[in-house]
Amino acid sequence: MEDDTTSLPPGWARVAGRYVERYGNARCVRWSEPLVYVEDGLPWPHQFNDPVLQGFARKAAKTLESTCTECGSVAKRRFCGTGWTVQCAACYGKAALALQIDELLDQAHEETVNPFDGTRVVWPEHELPVLLASCIPSECWRRMVLPVGQAIRYVSREDVRGLTPWFKKLQQVMRG
Ligand SMILES: [Zn+2]
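Just so you know, we're using our numbering here: the sequence shown kicks off at 225 and counts up by one.
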């Protein structure tokens with residue numbers, strides 16, 4: 225068994241550790257081997273010959289299926305671009321925001337600008353994910369009055385490029 229509890233994400237390590245301890249107490253042994261491992265972002269029970277031990281492992285994995293990998297809160301399984309993750313809404317929101325910032329910065333830093341080719345030159349507020357838009361300081365928005373008299377807010381490539389250090393700092397916080 226190469227995997228051990230310390231290699232689990234922080235939110236899971238605490239919960240899995242409790243099952244390891246409970247099993248040790250139940251059997252009056254000093255048990256420290258991990259009961260679960262992570263594969264494809266999901267928790268799986270290790271296989272044991274002992275049915276009681278196997279039961280603890282299964283229960284631990286079952287509990288982790290609804291435990292946030294980051295903070296240990298109640299969570300659900302979510303599919304994010306690269307695979308499965310089990311996160312609560314708050315932690316998932318942070319991770320999603322960090323990814324949205326990556327995407328925005330990538331678009332704003334593309335070398336060639338050809339609006340007819342789909343390259344972004346402006347981002348109207350309503351086309352940005354809500355959380356991402358709310359991270360743009362209010363003084364950085366430009367206003368454009370539409371012919372119908374309605375005003376919309378938007379940011380330009382230059383604005384986004386200028387905000388790069390701010391966004392990078394946000395990502396640092398989000399990714400803790
Ligand atoms: Zn969480």
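The beta-carbon is built from N, C-alpha and C at its ideal position, and this holds for glycine as well. None of these values were measured; they are calculated from a predicted model.
Residues close to ligand 1 by the beta carbon criterion (under 5 Å to any non-hydrogen atom) are, from first to last along the chain, Cys292, Glu294, Cys295, Ser297, Cys312 and Cys315.
In its chain, beyond the 5 residues on either side, Leu259, Phe280, Lys283 and Ala284 have a beta carbon closer than 7 Å to the beta carbon of Tyr243.
Membership of Arg282 in the alpha helix (DSSP H) is indicated by the continuous run Pro275 to Leu288. In the DSSP assignment, Thr309 falls within the beta strand (DSSP E) that extends over Gly307 to Gln311. Under the 8 Å Cβ criterion, the segment 292-310 does not count as touching the segment 245-254, having fewer than three qualifying pairs. Within the segment 322-376, complete alpha helix (DSSP H) segments of at least 4 residues are found at 354-358, given in chain order. Scanning its chain for C-beta atoms nearer than 7 Å, with the 5 sequence neighbours on each side dropped, one finds around Arg367 the residues Ala375 and Arg377, in chain order.
In the structure shown, Val397 falls within a helical segment according to DSSP collapsed to helix, strand and coil.
Judged by DSSP secondary structure, Glu257 falls outside any beta strand (DSSP E); it is assigned neither H nor E. In the three-state DSSP reduction, Cys292 falls in the coil class, being neither helix nor strand. The alpha-carbon separation between Glu335 and Ala319 amounts to approximately 27 Å. Remark: C-beta atoms of Gln311 and Thr293 approach each other more closely than 9 Å.
According to the DSSP assignment, Pro269 belongs to the beta strand (DSSP E) that extends over Leu266 to Pro269. DSSP places Phe391 in the helix class (H, G or I) of the three-state scheme. When the five nearest sequence neighbours on each side are left out, the beta carbons in the same chain lying within less than 7 Å of the beta carbon of Gln395 are those of Ala322 and Ile325, in order along the chain. Residue Cys359 holds the alpha-carbon nearest to the alpha-carbon of Gly317 among Glu289, Cys359 and His270. Beta-bridge partners assigned by DSSP to Cys304: Gly307.
Annotation for Ser297: Cys312 place their beta carbon closer than 7 Å to its own, counting only its chain and skipping 5 residues before and after.
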